[in-house]
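Okay, so here's the structure we're looking at.
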Amino acid sequence: MQFVFHRARAAGALLCFLWGIVCFASENEGARADPDNPYGVCSHLSRWEFPKADESMKMMNAAGIGYFRTGFTWADTEKKRGIFDFSKWEKLVELGASNKMEVLAIMPSGVPKYAQPFPRHIDEYAAACAKFAEHFKGRIKYWEVVNEPNHISFWGGLQPNPHEYAQLLKKAYPALKKADPSAKVLYGGLAGVPLDFLETTLKDGVADCFDIMNIHPYHWLGFQEGVLIPKIEALRALMKKYGVGDKPIWITETGYSSSGINPCTPKYIERALKMSGVDVSKTVVAHIGDERYEFYTDAFNGSVKHVFPKAMGFERINFDGLKTLSPKKRPVLYIGNNEGFPYSYLDALADYIRGGGVVVSTGGYLFYFDLRLGADGKLERKVVGTSSVKRFRIAIRTWNQKGLEFVKPMLSQKPGYRDTVKEYVSGAGFEDIEPDGYFQGRFFVSDAALGDGDKMIPMFYGVFGDKKIPMGALYKYGGDMKGAFITIPASGGVVLSEEIQAMMIPREFILARSAGVERVFKYCFRSSERDYTRESHFGIVRKNLSPKPAYFAYKTLTGMLGSEIPKYKNLGKVNIATWKNSDGTPVCAVWAKMYEKTVEISFKGDVKSIVDYLGNNVSYTVLTDGRLRLRLDGGVRYILGIEDANVSGI
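This is the structure:
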């Protein structure tokens, strides 16, 4: 069924929301309808993607995307001071028009030497903005004043300063408006939703110096349900406080990356397991996946299949299953890339190791947070600190500890790889493994907490001049402990499968639109694939432009949701959103948190069809009493034809 964009029938109203990781029975109704295409995508079309710009835009258009966001490289345009060559950008704007795509231009992207650092040259910056806006008057409507001005990577290499950004915005806004009165100016896309930064600029008088509010509310290590809407509502409340509550909110970057694991990590772990007497190729690896605690070692907090590519098989358990986990049957337990752990299960974890089990962790400061469930089932994360990791006779050092002051100045400052260690060397017994160069330099392991009979075997070291510090180790226990602990706290990257990346697209967009966000941009369109790291795999298409599952998820979303404002309910384990499409067909989108479950849905109307987040038809059963039985997982199911849906069996 084909759906088209149209003016939404009525603006809704925000009904209610509950703060917390899980919002029970919350309902959200969007506050603003947008008459245009609300779907955007970020794309580096002005840089390395330029040769494939036409092909890329055709694919964007085919997916129902109406806007692309890119940086206009000031340095390439003004190679000689005072002389501007817009030919490259002319080509992009022409291609956009021919492909029915509109551009959101970021200024600056690449700064001439005479204006570096640009926060110290705001008059020159404002003049350049005016030149661009004047040249593209009537052809480029939207201008963004700096990408992520609260992030050091994008503030000219200087420490971000909200007072300085306020002064720059107060210079740039009138310059852009004078050059093109019809232009719409976006506040710089803020990394996260930093209310303190924003409020400082509002106090400094920028309320009349932007037309559209702009945020980048990424949430890489978990779901956006229960997180995104409260952030948007807090932002809207702050805007109202300063008299700009009616201005549109855009999200010009959000999304998940399907990045892989650091390629040397599985090799180190396989070798460490062998030293512990475990042949991973003959082992079924146990791993923890527990929806109650938002703990997923097969999704956000790691990827067990990436970490143990040679394993004979895998078994997912919840935390209750940890109490009866047999080290003889399941000699390896993976607890993922996670700094949190429910302390009520630490005894069970210790018993597993005591019985001979080997625990593997691939990132973060172990047990730094206690995960707790309140009486209402809401998840809380309480900072406990370093005491619990010492219980397992492991010590973790941080770059800000006394004696490690030399570390931070020697880390990489390259954008995209900031704070990574530049040089490594493998430890004894691991010499044939070539360490990769992208481990974070925040955490290191130590033997300071070892007990009698314990031994720490470093897997690899970070090298800092004439010093080297262990970054990952095998802890072989003695005394009362028969097992071992393998840990690499210096995470080598966030791991997410392409399937889960695709699942998250409609979930994020439905939440944002239900909260009144006018336009949402997925970061990004095309993956660079230059390495395994997160930044290289955000794209919904691959480097060769072949679609990833995320592309089809986006295309299905734009066709199903159109420009409608959905009403959203969070029922804890199941989420529902409803709307009517352009032809009046009611649509119900329903999805589970993560793992499969069968639910029954009572409803009014007739089921016309059900498709999944990729656009595939889904089988279902209509029971004799008119209820619908449906198998759910983390991927959205779109049910066409039903209203007043109510879910049971959860």
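Using this note's numbering, you'd call the opening residue of the sequence shown number 258 and step up by one each time.
Just so it is clear, CB atoms sit at the ideal spot from N, CA and C, and this is done for glycine as well.
From a predicted model like this one, the values you see are computed outputs, not experimental measurements.
Helix, strand or coil: how does DSSP classify residue i here?
i: Asn-318; result: helix
i: Phe-696; result: coil
i: Pro-763; result: helix
i: Trp-507; result: strand
i: Asp-863; result: strand
i: Ala-448; result: strand
i: Ala-385; result: helix
i: Leu-606; result: helix
i: Val-501; result: coil
i: Tyr-600; result: helix
i: Asn-285; result: A caution first: Asn-285 carries a pLDDT of 44, below 50, which makes its placement in the model unreliable, though a value can still be read off. Strand, per DSSP.
i: Val-856; result: strand
i: Lys-671; result: coil
i: Leu-802; result: coil
i: Pro-308; result: helix
i: Tyr-430; result: helix
i: Arg-629; result: strand
i: Phe-721; result: strand
i: Tyr-734; result: coil
i: His-301; result: coil
i: Pro-520; result: coil
Beta-carbon within less than 6 angstroms of residue i's beta-carbon, same chain only, minus the 5 sequence neighbours each way: which residues are those?
i: Tyr-399; result: Leu-361, Lys-441
i: Asp-704; result: Met-713
i: Ser-645; result: Phe-624
i: Asn-903; result: Ser-859
i: Phe-467; result: Val-442, Tyr-444
Output yes or no for whether 8 angstroms exceeds the beta carbon distance between residue i and residue j.
i: Ile-610; j: Met-532; result: no
i: Leu-889; j: Ala-849; result: yes
i: Val-641; j: Phe-663; result: no
i: Ile-745; j: Gly-719; result: no
i: Gly-323; j: Gly-297; result: yes
i: Leu-753; j: Thr-813; result: no
i: Ser-793; j: Ser-784; result: yes
i: Val-847; j: Ile-907; result: no
Leaving out five residues before and five after residue i in sequence, what residues of the same chain have Cβ atoms less than 7 angstroms from its Cβ?
i: Asn-558; result: Leu-478, Phe-552, Gly-593, Asn-594, Asn-595
i: Val-463; result: Ala-423, Leu-426, Lys-427
i: Phe-721; result: Phe-663, Val-664, Met-667
i: Arg-638; result: Gly-597, Phe-626, Leu-628
i: Ala-222; result: A query on residue 222 cannot be resolved here, the shown segment of the chain reaching from 258 to 907 and no further.
Could you check which residue in the options has the C-alpha nearest to that of residue i?
i: Ile-797; options: Ile-379, Ile-508, Asp-437, Tyr-513; result: Tyr-513
i: Gly-353; options: Arg-326, Asn-903, Met-667, Leu-455; result: Arg-326
i: Leu-590; options: Phe-565, Tyr-525, Ala-730; result: Phe-565
i: Met-822; options: Ile-767, Met-314, Phe-717; result: What sits at residue 822 in the sequence shown is Ile, not Met. It is Ile-767 whose Cα lies nearest to the Cα of Ile-822.
i: Tyr-674; options: Asp-711, Asp-788, Thr-855; result: Asp-788
i: Leu-630; options: Phe-576, Asp-608, Glu-306, Asn-827; result: Phe-576
i: Asp-608; options: Arg-587, Val-617, Pro-599, Leu-579; result: Leu-579
i: Pro-523; options: Val-561, Pro-672, His-794; result: Val-561
i: Ile-506; options: Arg-770, Val-831, Asp-882; result: Arg-770
i: Ile-757; options: Tyr-475, Asp-555, Glu-775; result: Asp-555
i: Gln-481; options: Ala-772, Ser-793, Ile-907, Tyr-895; result: Ala-772
i: Met-314; options: Asp-869, Lys-357, Tyr-382, Ala-543; result: Lys-357
Using the Cα positions of residue i and residue j, report the straight-line distance between them to the nearest angstrom.
i: Arg-264; j: Pro-295; result: Unreliable positioning characterises Arg-264 in this predicted model, as indicated by a pLDDT of 28, which lies under 50. A coordinate reading is not provided.
i: Ala-491; j: Gly-321; result: 30 angstroms
i: Ile-363; j: Arg-304; result: 13 angstroms
i: Leu-707; j: Ser-516; result: 35 angstroms
i: Gly-816; j: Ala-372; result: 44 angstroms
i: Gly-660; j: Phe-649; result: 24 angstroms
i: Lys-665; j: Ile-409; result: 15 angstroms
i: Asp-930; j: Lys-488; result: Past the edges of the chain, shown from 258 to 907, lies residue 930, and the structure says nothing about it.
i: Ala-494; j: Val-484; result: 16 angstroms
i: Val-541; j: Asp-547; result: 19 angstroms
i: Glu-786; j: Asn-801; result: 10 angstroms
i: Ala-740; j: Thr-619; result: Per the sequence shown, the amino acid found at residue 740 is Gly instead of Ala. Approximately 18 angstroms, taken between the alpha carbons.
i: Phe-717; j: Gly-684; result: 5 angstroms
i: Arg-764; j: Gly-686; result: 46 angstroms
i: Phe-454; j: Asp-711; result: 48 angstroms
i: Glu-691; j: Arg-528; result: 13 angstroms
i: Asn-285; j: Gln-697; result: Since pLDDT at Asn-285 reaches only 44, below the 50 mark, its modelled position is unreliable, and no value is offered.
i: Ser-601; j: Ser-669; result: 39 angstroms
i: Pro-376; j: Phe-411; result: 10 angstroms
i: Phe-341; j: Gly-367; result: 14 angstroms
i: Gly-735; j: Gly-612; result: 12 angstroms
For residue i, I'd like the list of residues in its chain whose CB is within less than 8 angstroms of its CB, leaving aside the five on either flank, ordered along the chain.
i: Ile-899; result: Pro-843, Cys-845, Ile-858, Phe-860, Lys-861, Gly-862, Asp-863, Val-864, Leu-885
i: Glu-755; result: Ser-515, Lys-805, Pro-806, Ala-807
i: Gly-614; result: Leu-582, Pro-584, Arg-587, Pro-588, Val-589, Leu-590, Gly-740
Could you check if residue i belongs to the surroundings of the ligand MN, using beta carbon to heavy atom distance under 7 angstroms?
i: Val-298; result: Summarising the ligand content, the structure contains no ligands, and the ligand MN is consequently not present.
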